[in-house]
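Trainee: Here the protein sequences come in this chain order: A and B. When we follow numbering that gives the first Met the number 0, the leftmost residue of the first sequence carries the number 0, and every step to the right adds one. When we follow numbering that gives the first Met the number 0, the leftmost residue of the second sequence carries the number 0, and every step to the right adds one. Quick reminder that beta carbons are idealized off the backbone N, C-alpha and C, glycines included. To start, I am sharing the structure in question, which I have written as structure tokens.
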Amino acid sequence: MRVMINQIEHQLPQGAKLENALAAIQAQAPFAVAINLQFIPKSLYGQCTLAENDQIEVISPVTGG
Amino acid sequence: MNTNTLNEQQALRKDDLVLYGEHFSSRLLLGTSRYPSPQILEEAVLASKPAMITVSLRRQGATGQSENTFWDLLKKMSVPVLPNTAGCHSPQEVITTAQMAREVFETHWIKLELIGDDYTLQPDTLRLVDTAKILINDGFKVLPYCTEDLILCQRLVDVGCQAVMPWAAPIGTGQGPLNPFAMKLLRERLQVPLLVDAGLGLPSHACAVMEWGFDGVLLNTAVALADHPIAMAKAFALATQAGRAAYLSGAMPAQESAQASTPLVGTPFWHQS
Chain A
0 MRVMINQIEH QLPQGAKLEN ALAAIQAQAP FAVAINLQFI PKSLYGQCTL AENDQIEVIS
60 PVTGG
Chain B
0 MNTNTLNEQQ ALRKDDLVLY GEHFSSRLLL GTSRYPSPQI LEEAVLASKP AMITVSLRRQ
60 GATGQSENTF WDLLKKMSVP VLPNTAGCHS PQEVITTAQM AREVFETHWI KLELIGDDYT
120 LQPDTLRLVD TAKILINDGF KVLPYCTEDL ILCQRLVDVG CQAVMPWAAP IGTGQGPLNP
180 FAMKLLRERL QVPLLVDAGL GLPSHACAVM EWGFDGVLLN TAVALADHPI AMAKAFALAT
240 QAGRAAYLSG AMPAQESAQA STPLVGTPFW HQS
């Protein structure tokens with residue numbers, strides 16, 4: 000199935016979990032995740048099943064004003 | 000040492016900035032963006048000793064910054080962080096970003112930015128209050144970036160914001176306070192801490208707003224883009240302190256006509272005409 004991770008298309012197997020998506024981009028801690036504009040707590044990464052066309056945001060700390 | 004001097008010293012020592020019940024000895028909040036290098040950022044923070052430093056969240060790998068380098072620097076500086084929701088254009092984006100920031104930075108502080116226009120970067124005032132209310136109800140300590148509009152600021156306070164942060168001028172412009180009348184009116188009418196956020200360019204701007212009675216200032220570009228950011232950071236820290244001291248000291252009122260400061264009695268060469 001097709002998912003978007005940080006606006007880049009990825010193909011993942013049906014039934015893939017969020018942790019699979021994070022592994023696909025080799026996400027480096029620290030980061031936080033949202034799917035379809037909803038925050039996903041870290042504790043749920045292994046339980047969160049992805050769906051076709053899910054929009055996943057993986058964001059990390061940067062400088063800010 | 001007389002009693003008056005002792006009381007003044009005691010009063011100044013107790014003059015912490017208090018936000019949501021937390022005490023801060025500095026009234027300067029400093030942004031971390033646009034510095035020439037991480038080292039200069041670190042030294043600017045050391046030089047100015049801000050109460051908090053603002054940080055943000057972006058897609059991993061997108062900015063070209065080394066996230067690990069910045070993360071290590073944050074831990075090293077050990078200054079309280081204030082995550083922002085910069086770049087958010089909808090209430091849902093703000094809420095989700097705030098929740099992500101809370102998890103990553105392990106803090107309930109959030110600088111609420113809900114942007115209404117990409118050119119002026121002015122806040123979306125029509126949706127700001129409801130968004131603030133949602134965050135307040137979710138347990139955040141919200142510092143909302145807003146305009147100098149009295150009604151807007153009052154409504155933010157009404158929904159639970161224990162401080163508000165009106166702009167002096169658009170973000171990054173360095174113009175200084177564009178609407179002193181409205182800003183002074185905020186101080187007259189609101190009892191919560193007021194911090195000027197955005198648009199300051201010179202230490203004298205920071206000093207001026209502190210003299211008006213504002214409780215703190217938040218700035219970034221004015222330091223980061225100075226020729227010598229570390230020295231400028233120090234200058235802003237001193238100016239903020241000076242303005243606060245002036246406010247507490249009770250400045251003389253401005254007068255229309257001149258009044259000699261040297262006694263007139265005994266002026267030599269004077270005679271009745």
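1. Cutting at 7 Å between CB atoms, please list the residues of its own chain near F30 of chain A, excluding the five before and the five after it.
2. Starting from N5 of chain A, find everything on chain B with Cβ-Cβ shorter than 8 Å and list it in chain order.
3. Is the segment 33 to 49 of chain B touching the segment 150 to 170 of chain B in the sense that three or more CB pairs, one from each, lie closer than 8 Å?
4. Less than 7 Å between the beta carbons of D214 of chain B and P179 of chain B, yes or no?
5. Taking 8 Å as the limit between beta carbons, can you name the residues of its chain near E210 of chain B, skipping five residues before and five after?
6. Where does N1 of chain B land, buried or exposed, given buried means 16+ other C-beta within 10 angstroms?
7. Any Cβ of chain A within less than 7 Å of the Cβ of A85 of chain B?
8. Hey, would you say G30 of chain B sits closer than 7 Å to T53 of chain B, going by beta carbons?
9. Alpha carbon to alpha carbon, how far is D14 of chain B from S24 of chain B? Give it in angstroms, no decimals.
10. Grab me the residues of L81 of chain B's own chain with a C-beta within less than 6 Å of its C-beta, minus the 5 sequence neighbours each way, in chain order.
11. What are the partner residues of V32 of chain A, as DSSP defines its beta bridges?
12. Excluding the five sequence neighbours on either side, which residues of its own chain have a C-beta within less than 8 Å of the C-beta of Q27 of chain A, listed in chain order?
13. Excluding the 5 residues flanking A205 of chain B on each side, which residues of the same chain have their C-beta closer than 6 Å to its C-beta?
14. For a contact defined as C-beta to C-beta under 7 Å, what are the partners of E18 of chain A on chain B?
15. Report the rounded CA-to-CA distance for M3 of chain A versus A181 of chain B, giving the unit in angstroms.
16. Which residues in the same chain have their Cβ closer than 7 Å to the Cβ of A100 of chain B, if we skip the five residues on either side of it in sequence?
17. Indicate whether at least one CB of chain E lies closer than 7 Å to the CB of T48 of chain A.
18. Closer than 8 Å, Cβ to any Cβ of chain A: which residues of the segment 40 to 56 of chain B, in chain order?
19. State yes or no: is the beta carbon of S42 of chain A nearer than 7 Å to at least one beta carbon in chain B?
20. Which one or two residues does DSSP pair with S55 of chain B in a beta bridge?
21. Can you check whether the CB of Y144 of chain B is closer than 7 Å to the CB of P92 of chain B?
22. Do we get a CB-CB distance below 7 Å when we pair W269 of chain B with the residues of chain A?
23. From the beta carbon of V66 of chain A, is the nearest beta carbon of chain B less than 7 Å away?
24. Mind checking whether T95 of chain B and A33 of chain A have CB atoms under 7 Å apart?
25. Check the C-beta distance from R26 of chain B over to L16 of chain B and give it rounded, since I have them as a contact under 8 Å.
26. Which residues, taken in chain order from the segment 23 to 35 of chain A, show a beta carbon closer than 8 Å to some beta carbon of chain B?
Mentor: Reading off the structure:
1. V57, I58, S59
2. R58, Q59, G60, A61
3. no
4. no
5. G242, A245, Y246, A250
6. Caution applies to N1 of chain B, whose pLDDT of 47 falls short of 50 and renders its modelled position unreliable; the model cannot decide the point.
7. yes
8. yes
9. 8 Å
10. M51, T53, W108, K110
11. A:I39, A:V57
12. S59
13. L199, V216, F235, A238, T239
14. Going along chain B, no residue has its Cβ under 7 Å from E18 of chain A, so there is no contact; the nearest lies around 15 Å.
15. 46 Å
16. L56, P82, I109
17. You won't find chain E in this structure, because its protein chains are A and B.
18. L40, T53, V54, S55, L56
19. no
20. A:V61
21. First, the residue type needs correcting, since residue 92 of chain B is Glu and not Pro in the sequence shown. Cβ atoms of E92 of chain B and Y144 of chain B: not closer than 7 Å.
22. no
23. No answer is possible for residue 66 of chain A: the residues shown for chain A start at 0 and end at 64.
24. yes
25. 5 Å
26. I24, A26, Q27, P29, F30, A31, V32, A33
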